[in-house]
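Protein chains in written order, with this note's numbering: chain A, 1 to 170; chain B, 1 to 549.
Notes for the one structure printed next.
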Amino acid sequence: MLMDRPRTERTAVVAPPDDDKRWKIIDVTMRRNGYAGHALIETLHAVQSCFGYLEDRSLRYVAMSLQLPLSKVYGVATFYHLFTLKPQGEHTCVICTGTACYIKGSRGLVSAIEARYGVNPGQTTEDNALSVLSARCIGSCGVAPTVVLDGDVLGEQTPDSLIAELQEIV
Amino acid sequence: MNLEDLAEIAEQSVEAEKSQRHCVRVCMAASCQSSGAGAVLEGLRQHAKQDADGGVHVKPVGCMGLCSAGPLVSVDATESKTEVMYKDVKPDDTEELYAGLDGAPLERLRCPTDIPFFACQQRIVLKNSGIIDPENLDDYIAAGGYSSLVRAVTEMTPADVLREVKQSGLRGRGGGGYPAGLKWSTVAMAPEPHKFVICNADEGDPGAFMDRAVLESDPHRVLEGMALAGYAIGAEHAYVYIRAEYPLAVERLKKAIKQATKKGLLGRRISDTTFNFEIEIRLGAGAFVCGEETALMASIQGLRGQPRPRPPYPAEEGLWECPTLINNVETLANIPSILARGGDWFKGIGTETSTGTKVFALAGRIAHSGLIEVPMGIRLREIVEQIGGGIPDGRRFKAVQTGGPSGGCLPEEHLDMSVEYDTLRSAGSIMGSGGMIVMDETSSMVDVARYFMEFCMTESCGKCVPCRAGTVQMHELLDKIAEGRATQADLDLLEELCDVVQATSLCGLGQTAPNPVLSTLRYFRHEYDEKLRPESERLPPLPVVTGDH
């Protein structure tokens, strides 16, 4: 516990939107931080890891619990690239577009996916099977170009190898 | 924990190692894991378990450096034995590899350890990387870990610690190169009772992975450096602000904090002294601008990561208006070694104005990509041609990019330059945090400039107009030039905009955003001119190769 931080040290003021057990994890995060406003980013991380994305009612609940204006919560949620306000597809494929991957052909991977599935980074296929995202750099530059497929890092990808991987799961 | 306790743990570890027949180290850093190191580790462990003779210790370790040849396995990297290293190890190879432990080494997968990639390095920050198990505190202690901290809090005054850091000449490794000792003194002198230490682990430069590797391979070293900083400046609370994109580093850091706190090396009353030091982790959420210190502090406080004008500098008025010391991961990772061996020892490495070593993430079109640590003052050519093994596929070197989106591209004629903060700056690039991307003749420099401008445009936080609007305009002009739709007037306008954005932006992001354009214009202007000519007069472009190896 840090003494010198402006702390509000409150208890919960509103009840979760429904009886989904995942709200408990969100509540724990906020309680650990004394429901202080500076816990906003931590809380949004918790929401996104539990629910996959930040839906309107989650943002409202967090705003009310931390006693922050909705505008501020929305502002922070949209400022950071990692937060998403849209639900993701069943599978996610993150294409790294860092410098090393760029030099070694990440553009080819993006166009291969577009040609095969008709989606660009930031989009989800119509059947909701695959979301394609791009990352600034995942730091695995030694095995560039890389993609992160459902959480697993795959290095040294070519358009053909990536499409083959995707066809196996999608 | 006092010095005797640490020595005892170290001695036990040494004894345990002596009693082993072999020690097999498997690199479990993110790159090797993505090439299947987990299954290799499991396979080797199974063989060790079934081995009737026993005595083979299989251990997960951090980054061994040569990421492009992973998964890497190293056998008997001890002083008394000869190390044998294997590359590209597949799970199916483990049986043969294990069988070779007592017999002839498996030549098929052998990776020579006397090649310049390993031989030309000098390791301080990465000393334990690839040697110790990052999730085992005793392993770090056995390598001399936490003895600098315990000695400092029990035998030295904060002023003594400060003096060594000043004496070392260490400069900030995050890119700016501000003298660490000076920054520490400013915070130490501040009269306020509450101060903070922040470790900046928001490694946002695309193509840079030094900090990730240090945190994944030797997390305790960074924590020890932070605690030493806290002791020197009089702070009891600290944050590590780390990218959420590095889940493995976050996990290891969390574990390390827990282990060290349990042993009384962090937390309350360290080594039974009155010194308390608590470290909390704060996750970033994907904003490059948060590498800027005032934006980073805003983000820790739960706000949008937008910078504010300086002064006041964080050293005077930082987190929650308290004096705050912000140092980069690599800067802090140097501290335990500086305290252990003295500031004079550190000063003796490198050059007069750039002391010590620098970790670089070598990537791009180069034979050996991975993580290297070299003394300051090394020639760029040595890094590219010897350590990196040159350009593969018989292609020609074109440029090396340092400093990420804030840096520049250096051409062949600068390869003999010595790598120092000031020489790189005078050549139009910067040291940066350590990303080093090599490009060959297939890369178009206009495209590279456009790539970085696109990055800065998307990452601009939007607070000040020159950066918010300027990067968009510059990107549009670069687009036009790259697609061959531009005129000389467009190029002139681009140059003018570079000057304005550089001079008038609020923070480092905007001030340095024009650097990739300016440096490519300085050394590769002919490529821009070529794009301005009518299509019929242009040279045919070289085929762009994607994803080949």
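From the three backbone atoms N, C-alpha and C, an ideal C-beta is built for every residue, glycine too.
Legend entry - Contact with chain B by L40 of chain A, beta-carbon distance below 8 Å: The sequence position of residue 40 of chain A within the first sequence is 40, counting from 1. Yes, contact with chain B.
Legend entry - Status (buried if at least 16 other CB within 10 Å, exposed otherwise) for V384 of chain B: Start at 1 with the first residue of the second sequence, and residue 384 of chain B comes out as number 384. V384 of chain B comes out buried.
Inset, instruction - For the region 117-132 of chain B and the region 218-235 of chain B, state whether three or more C-beta atom pairs, one from each stretch, are separated by less than 8 Å. - result: Because the criterion of three Cβ pairs below 8 Å is met, the region 117-132 of chain B and the region 218-235 of chain B touch.
Inset, instruction - Starting from K59 of chain B, follow its DSSP beta bridges and name the residues at the other end. - result: Your numbering for residue 59 of chain B matches position 59 in the second sequence. K59 of chain B is bridged to B:R25.
Legend entry - Within chain B, partners of S140 of chain A - CB distance below 8 Å: Here residue 140 of chain A corresponds to residue number 140 of the first sequence, with the count starting at 1. Those are A30, S31, S34, C67, F209, listed as they occur along chain B.
Inset, instruction - Taking all protein chains shown into account, decide if L539 of chain B is buried (16 or more other Cβ within 10 angstroms of its Cβ) or exposed. - result: Translated into the one-based positions of the second sequence, residue 539 of chain B becomes position 539. Exposed, by the Cβ-count rule.
Legend entry - Member of B:D114, B:A244, B:R212 whose CA lies at the smallest distance from the CA of G151 of chain A: Taking the first sequence and counting its residues from 1, the one referred to as residue 151 of chain A is at position 151. Nearest of B:D114, B:A244, B:R212 to G151 of chain A, Cα basis: B:A244.
Inset, instruction - Below 8 Å on the Cβ atoms is my guess for N327 of chain B versus G169 of chain B; work out the distance and round it to an integer in Å. - result: Locating residue 327 of chain B in the second sequence gives position 327, where the first residue counts as 1. Locating residue 169 of chain B in the second sequence gives position 169, where the first residue counts as 1. At roughly 15 Å, the Cβ-Cβ gap does not stay under 8 Å, so N327 of chain B and G169 of chain B are not in contact.
Legend entry - Cβ neighbours of N2 of chain B in the same chain (closer than 8 Å, five flanking residues each side left out): Translated into positions along the second sequence, residue 2 of chain B becomes position 2. Taken in chain order, the residues that qualify are V150, T154, S271, D272.
Legend entry - Same chain only: Cβ atoms within 7 Å of A449 of chain B, ignoring 5 sequence neighbours per side: As a working note, residue 449 of chain B is residue 449 in the second sequence. Once the five neighbours on either side are set aside, the close Cβ partners of A449 of chain B are L478, P516, V517, T520.
Inset, instruction - State the beta-bridge partners of M439 of chain B as determined by DSSP. - result: The count along the second sequence starts at 1 and reaches residue 439 of chain B at position 439. M439 of chain B pairs with B:A399.
Inset, instruction - Return helix, strand or coil for K134 of chain B, following the three-state DSSP convention. - result: Residue numbering aside, residue 134 of chain B sits at position 134 when the second sequence is read from its first letter. The sequence shown places Pro at residue 134 of chain B, not Lys. Coil, per DSSP.
Legend entry - Contacts around G55 of chain B, its chain only, beta-carbon distance under 6 Å, and the 5 residues preceding and following it disregarded: Along the second sequence, read from residue 1 onward, the residue named residue 55 of chain B stands at position 55. Answer for G55 of chain B: Q20, R21, listed in chain order.
Legend entry - Closer than 8 Å to chain A by CB, I430 of chain B: Translated into positions along the second sequence, residue 430 of chain B becomes position 430. Judged by the 8 Å Cβ criterion, I430 of chain B is not in contact with chain A.
Inset, instruction - Below 6 Å CB to CB, which residues in the same chain sit around K480 of chain B once its five sequence neighbours on both sides are set aside? - result: Here residue 480 of chain B is taken as the residue at index 480 of the second sequence, counted from 1. So the qualifying residues of the chain are A486, D490.
Inset, instruction - Decide if the region 258-278 of chain B is in contact with the region 57-70 of chain A; the criterion is three or more beta carbon pairs, one per stretch, under 8 Å apart. - result: Because the criterion of three Cβ pairs below 8 Å is not met, the region 258-278 of chain B and the region 57-70 of chain A do not touch.
Legend entry - Any chain B beta carbon closer than 8 Å to C137 of chain A: Working through the first sequence from its first residue, we reach residue 137 of chain A at position 137. Cβ-Cβ to chain B under 8 Å: yes for C137 of chain A.
Legend entry - Beta-carbon proximity check, V187 of chain B vs P336 of chain B, cutoff 8 Å: As a working mapping, residue 187 of chain B is identified with position 187 in the second sequence. As a working mapping, residue 336 of chain B is identified with position 336 in the second sequence. Against a cut-off of 8 Å, the Cβ pair of P336 of chain B and V187 of chain B comes out as no contact.
Inset, instruction - Pick out whichever of B:A340, B:G291, B:V359, B:R282 has its Cα sitting closest to the Cα of A238 of chain B. - result: Taking the first residue of the second sequence as position 1, residue 238 of chain B is located at position 238. Comparing Cα positions, the closest option is B:R282.
Inset, instruction - For P134 of chain B, count neighbouring Cβ atoms within 10 angstroms of its own Cβ and tell me buried if that reaches 16, exposed if not. - result: Here residue 134 of chain B refers to the residue found at position 134 of the second sequence. Buried is the call here.
Inset, instruction - Assess, as a yes-or-no matter, whether the region 127-140 of chain A is touched by the region 80-97 of chain A under the definition of 3 or more beta carbon pairs within less than 8 Å. - result: Yes: at least three Cβ pairs fall under 8 Å.
Inset, instruction - Select from the region 145-159 of chain A all residues with a C-beta closer than 8 Å to any C-beta belonging to chain B, and list them in chain order. - result: P145, T146, D152, V153, L154, G155, E156, Q157, T158, P159
Inset, instruction - Answer yes or no: does any C-beta atom of chain A fall closer than 8 Å to that of F288 of chain B? - result: Mapped onto the second sequence, residue 288 of chain B falls at position 288. By this cut-off, F288 of chain B is an interface position.
Legend entry - Other residues of its chain near T170 of chain A: CB distance less than 7 Å, five sequence neighbours each side excluded: Here the question's residue 170 of chain A lines up with position 170 in the first sequence. Correcting the residue type first, residue 170 of chain A is Val in the shown sequence and not Thr. So the list reads H91, A129, L130, once near-sequence residues are dropped.
Legend entry - Start and end residues, beta strand (DSSP E) containing G364 of chain B: As a first step, residue 364 of chain B is located in the second sequence; it is residue number 364 there, counting from the start. In the DSSP assignment, G364 of chain B falls within the unbroken beta strand (DSSP E) covering 357-364.
Inset, instruction - Could you run through the region 98-109 of chain A and flag, in chain order, every residue whose CB is less than 9 Å away from some CB of chain B? - result: Of all residues in the region 98-109 of chain A, G98, T99, A100, C101, Y102, I103, K104, G105, S106, R107, G108, L109 have a Cβ within less than 9 Å of some Cβ in chain B.
Legend entry - Neighbour flag for L2 of chain A against chain B, beta carbons, 8 Å: Counting from 1 along the first sequence, the entry for residue 2 of chain A is found at position 2. Low confidence applies to L2 of chain A: its pLDDT is 43, below 50, so where it sits in the model is not reliable, and the reading given next is rough at best. Chain B, which has a Cβ nearer than 8 Å to the Cβ of L2 of chain A, makes this yes.
Legend entry - Continuous beta strand (DSSP E) stretch holding L128 of chain B: start and end: On the second sequence, position 128 is the one that residue 128 of chain B refers to. It should be noted that the sequence gives Asn, not Leu, for residue 128 of chain B. Neither: N128 of chain B is in no beta strand (DSSP E) and is coded neither H nor E.
Legend entry - Helix, strand or coil at H237 of chain B according to DSSP, with G and I counted as helix: The sequence position of residue 237 of chain B within the second sequence is 237, counting from 1. Of the three classes helix, strand and coil, the one that applies to H237 of chain B here is strand, per DSSP.
Legend entry - Where the region 508-527 of chain B meets chain A: residues whose CB sits under 9 Å from a CB there: none
Legend entry - Of the residues B:L325, B:G305, B:A232, the one placed nearest V197 of chain B, counting alpha carbons only: Counting from one through the second sequence, the residue named residue 197 of chain B turns up at place 197. Here the closest residue by C-alpha is B:L325.
Inset, instruction - Could you tell me which chain B residues have their CB closer than 7 Å to the CB of H81 of chain A, listed as they occur along the chain? - result: In the first sequence, residue 81 of chain A corresponds to position 81, counting from 1. Those are G286, A287, listed as they occur along chain B.
Legend entry - Reference S129 of chain B; option with closest CA among B:K166, B:E373, B:K195, B:A399: Looking up residue 129 of chain B in the second sequence gives position 129. With distances taken between Cα atoms, S129 of chain B lies closest to B:E373.
Legend entry - Whole-angstrom distance between C32 of chain B and G100 of chain B, CA atom to CA atom: Position 100 of the second sequence, counted from the first residue, corresponds to residue 100 of chain B. Position 32 of the second sequence, counted from the first residue, corresponds to residue 32 of chain B. Going from the Cα of G100 of chain B to the Cα of C32 of chain B covers about 22 Å.
Legend entry - C-alpha gap between Y86 of chain B and E107 of chain B, whole angstroms: Counted from its first residue, the second sequence places residue 86 of chain B at position 86. Counted from its first residue, the second sequence places residue 107 of chain B at position 107. Those two C-alpha atoms are separated by around 9 Å.
Inset, instruction - Would you verify that the beta carbon of E316 of chain B is, or is not, closer than 8 Å to some beta carbon of chain A? - result: On the second sequence, position 316 is the one that residue 316 of chain B refers to. Taking Cβ atoms only, chain A never reaches closer than 8 Å to E316 of chain B, which makes this a no.
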